[in-house]
Amino acid sequence: MIKTLRKQAYAVPMAAFIGLSATSMVQAADLTISVQNLTQGITFTPFLVAAHDDATKLYQVGMPASLSLQMMAEGGSIDALAADVMAAGGEVITNPHQNVLKPSESVAAFDFDTGSNTHLSITSMLLPTNDAFAGLNAWQIPTEAGTYVMHLNAYDAGTEANNELVVPGAGAPGALGIPADPTGMTGTGGTGVAMADTNTNIHIHRGALGDDDAMAGKSDLDNTVHRWLNPVLKVTVVVK
Amino acid sequence: MQSIKRILTMTAAVVVLASCGSDDKATVMPEPMTPEPVTYSFEVTVQNLTNNQPLSPVTVLSHAMDVSLWQLGQSASMGVEYTAEAGDNTMLISDNTNFDNASSEGLLMPGNTATLMLTTDDENNYLSIISMLVNTNDAFTGLVQYDLSQLAVGDVKSMLLPVYDAGTEGNSELAATLPGPVTGGEGFNEMRDDVDFVSRHSGVVTSDDGLTQSALDESHRFEALVAKVTIERTN
Chain G
693 MIKTLRKQAY AVPMAAFIGL SATSMVQAAD LTISVQNLTQ GITFTPFLVA
743 AHDDATKLYQ VGMPASLSLQ MMAEGGSIDA LAADVMAAGG EVITNPHQNV
793 LKPSESVAAF DFDTGSNTHL SITSMLLPTN DAFAGLNAWQ IPTEAGTYVM
843 HLNAYDAGTE ANNELVVPGA GAPGALGIPA DPTGMTGTGG TGVAMADTNT
893 NIHIHRGALG DDDAMAGKSD LDNTVHRWLN PVLKVTVVVK
Chain S
3 MQSIKRILTM TAAVVVLASC GSDDKATVMP EPMTPEPVTY SFEVTVQNLT
53 NNQPLSPVTV LSHAMDVSLW QLGQSASMGV EYTAEAGDNT MLISDNTNFD
103 NASSEGLLMP GNTATLMLTT DDENNYLSII SMLVNTNDAF TGLVQYDLSQ
153 LAVGDVKSML LPVYDAGTEG NSELAATLPG PVTGGEGFNE MRDDVDFVSR
203 HSGVVTSDDG LTQSALDESH RFEALVAKVT IERTN
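Protein chains in written order, with the numbering used here: chain G, 693 to 932; chain S, 3 to 237.
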């Protein structure tokens with residue numbers, strides 16, 4: 693009992709100290725963020741923008757995706773990822789563009805007071821793909837004021853075979869297919885490109901294949917429209 | 003005694019001042035002078051890093067801060083369209099309020115380098131570069147609004163340049179639409195049958211990778227970075 697009390701007594705000044713240092717860091721983590729789609733034919737689902745501590749990660753390249761990340765990468769749903777971040781004490785902004793981000797569009801600059809959180813993550817799914825996503829992964833927020841520009845690559849979540857067949861609504865984990873085509877330029881009648889992922893961990897996406905037959909072929913994607921080269925997003929963070 | 007010391011000190015000061023000047027007319031009142039325009043010199047070297055995409059005459063321009071040859075997500079200017087579809091920079095150079103410009107001669111073949119001299123002044127210290135990948139519909143590489151004022155004499159800066167799509171011509175890869183040596187097809191066409199905004203390029207597909215109608219083969223493919231620029235301030 694005494695031990696516990698001691699612990700508490702010890703914990704109070706510690707908390708006060710952390711609270712103090714957190715207050716002094718608020719200004720350093722006062723951000724203005726903008727995001728631009730660099731591609732000609734890829735649309736991005738609503739973004740999750742998250743601030744968190746250094747122990748939290750939305751994903752790790754080379755490791756299997758979490759179920760939450762899988763839901764985002766396969767279906768564009770960021771609810772579970774956002775809940776994970778908040779459960780870990782982080783802050784989130786969901787869907788700052790209030791829509792999908794079409795080719796070449798920009799998410800208008802928005803403010804993000806990240807409080808005492810030290811790291812920033814941004815992620816979104818690429819459409820039309822099976823499970824491609826782009827991400828800024830646990831970027832340590834600089835303490836020095838300035839404008840920081842980053843170019844983001846596309847990753848393969850490794851959770852769904854890249855069969856490149858459009859199956860409207862197939863966004864839930866386990867539902868095979870590209871869930872939506874905002875471009876309106878996909879075809880039908882494909883027989884399927886890949887039947888499985890060789891690398892089932894998160895890795896740099898090899899790109900879409902597509903074909904030139906809108907009614908047949910292996911893919912429902914158009915090889916002159918739905919391919920991309922990295923980077924796919926430009927993120928600008930102003931640290932005030 | 004004190005005043006003599008003072009005079010001596012003052013004389014010494016005048017001598018020091020006079021010896022600082024480049025001439026000895028220290029007593030002549032300087033006329034209000036127009037400062038001679040200060041210019042700076044740069045050597046810009048561009049290397050073609052593709053496998054089989056010659057670059058159209060590489061164009062380098064110096065200009066004011068507010069000049070932007072192109073902007074991602076925005077419609078390309080006619081000057082950029084001409085350059086990206088036909089490799090013809092005539093309009094771009096005459097269109098833009100550049101302070102100085104230089105272009106390389108003929109095609110810059112894969113692996114080769116072109117070195118160009120460029121002058122800037124205090125009002126025009128931004129660099130832009132543009133060149134077409136000629137075996138494509140409207141792919142180009144380049145650099146926009148690079149701030150040269152950050153370079154001191156002797157400084158050298160190198161960067162890899164990405165490939166952009168002008169968005170002014172659909173990427174059909176049809177022989178008749180490719181002006182490069184592969185087919186010698188049409189260059190500029192004023193019709194804009196594509197998305198009409200500048201973006202990063204997604205690469206050529208080619209007949210070897212599933213675009214049956216393409217006049218290109220696998221050798222013409224490229225990745226996101228297609229050229230290297232080295233900028234040296236020489237004066």
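Each residue gets a CB set at the ideal place from its N, CA and C atoms; glycine is no exception. A quick note: this is a predicted structure, and the numbers were derived from the prediction, not measured.
- Between Asn139 of chain S and Asn173 of chain S, the C-beta spacing is below 8 Å.
- Under the Cβ criterion (8 Å, minimum of three pairs), the region 761-771 of chain G counts as touching the region 846-862 of chain G.
- When the alpha-carbon of Gly876 of chain G is set against those of G:Gly754, G:Ala864 and G:Val917, the nearest one is in G:Val917.
- The contact set of Asn103 of chain S on chain G, defined by CB atoms closer than 9 Å, is empty, because the minimum CB distance reaches about 27 Å.
- Among the bridge pairs identified by DSSP, Ile814 of chain G is matched with G:Val741 and G:Leu828.
- Of the residues G:Glu797, G:His897, G:Leu819 and G:Ala721, the one whose Cα lies closest to the Cα of Pro874 of chain G is G:Leu819.
- In the three-state reduction of the DSSP assignment, Val136 of chain S falls in the coil class.
- In terms of CA proximity to Met907 of chain G, G:Gly882 leads the group G:Val927, G:Ala886 and G:Gly882.
- Nearest CB-CB separation between Gly169 of chain S and chain G: below the 8 Å threshold.
- Within the region 735-781 of chain G, complete beta strand (DSSP E) segments of at least 3 residues are found at 740-744, given in chain order.
- Put simply, of G:Leu793, G:Thr786 and G:Pro923 the residue whose alpha carbon is nearest the alpha carbon of Asp771 of chain G is G:Thr786.
- At least 8 Å separates the CB of Ser726 of chain G from every CB of chain S.
- In the displayed model, Gln732 of chain G falls within coil according to three-state DSSP, outside both helix and strand.
- In the structure shown, Glu87 of chain S falls within a helical segment according to DSSP collapsed to helix, strand and coil.
- Interface flag for Thr214 of chain S against chain G is set, since a Cβ pair is found closer than 8 Å.
- Judged by DSSP in its simplified three-state form, Gly81 of chain S adopts helix.
- Nearest to Ser204 of chain S by C-alpha distance, out of S:Leu57, S:Arg235, S:Thr143 and S:Leu129, is S:Thr143.
- Taking a beta-carbon distance threshold of 8 Å, His222 of chain S does not count as an interface residue toward chain G.
- A straight line joining the alpha-carbon of Glu188 of chain S with that of Pro39 of chain S spans about 44 Å.
- Distance from the CA of Thr892 of chain G to the CA of Ser758 of chain G, rounded to the nearest whole angstrom, comes to 12 Å.
- Note that the C-beta distance between Ala826 of chain G and Asn855 of chain G is not below 8 Å.
- CA-to-CA, the gap between Gly768 of chain G and Ser760 of chain G works out to about 10 Å.
- In this structure, DSSP gives Asp196 of chain S a state outside helix and strand, which the three-state scheme calls coil.
- Taking C-beta atoms as the reference points, Leu145 of chain S and Val228 of chain S fail to come closer than 8 Å.
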